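Heads up: the sequence shown at position 2 corresponds to 9 in this note's numbering, and the numbers run straight through without jumps.
Below is one structure, written out as C-alpha cells, with a few remarks after it.
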Amino acid sequence: AHALLCSARPSGDFTMERRSRLLDERLHSLDQLRPAFDALAEQRCIHLVEAHERFSALVEKKRFGVVYPVLPMDVLGVYVLMPSA
C-alpha cells in the first residue's frame with residue numbers, strides 16, 4: 008500500500024460532487040474495518056508493554072502496569088485512488 012501511495016500520480020480530476028460521494032462511500036466502509044483496527048490497537052498495546060518491560064529490566068526498575076487502547080482508533084487520513092483507465 009505504501010509503494011502504491013508513493014507512486015500514484017494524478018491523471019485527471021473529479022467534480023466536487025463526485026469527490027464528495029467517493030469520500031462518503033469510503034468513510035462509511037470504515038465501520039467494516041473497525042474490528043481489524045481494534046485488533047491492531049490491542050497488538051500494539053501488548054508490544055508497548057513488552058518493550059517497556061525489556062527496558063525496565065535493563066535499568067532494573069519495577070514492572071510496568073497495564074496499558075489499554077483507546078478505541079475506536081482515530082482515522083487520520085483517507086486516500087481514494089482511482090485507476091485512470
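A virtual CB, placed ideally from N, CA and C, is assigned to each residue, including glycine.
Here the structure is a predicted model, which is why all the values come from computation and not from measurement.
DSSP places M80 in the coil class of the three-state scheme, outside both helix and strand.
For S36, the closest alpha carbon among the candidates H59, V85, S91 is that of V85. Secondary structure at V73: coil, using DSSP grouped into helix, strand and coil. The beta-carbon distance between A15 and L83, rounded to whole angstroms, is 18 Å. This is too long to meet the 8 Å contact definition.
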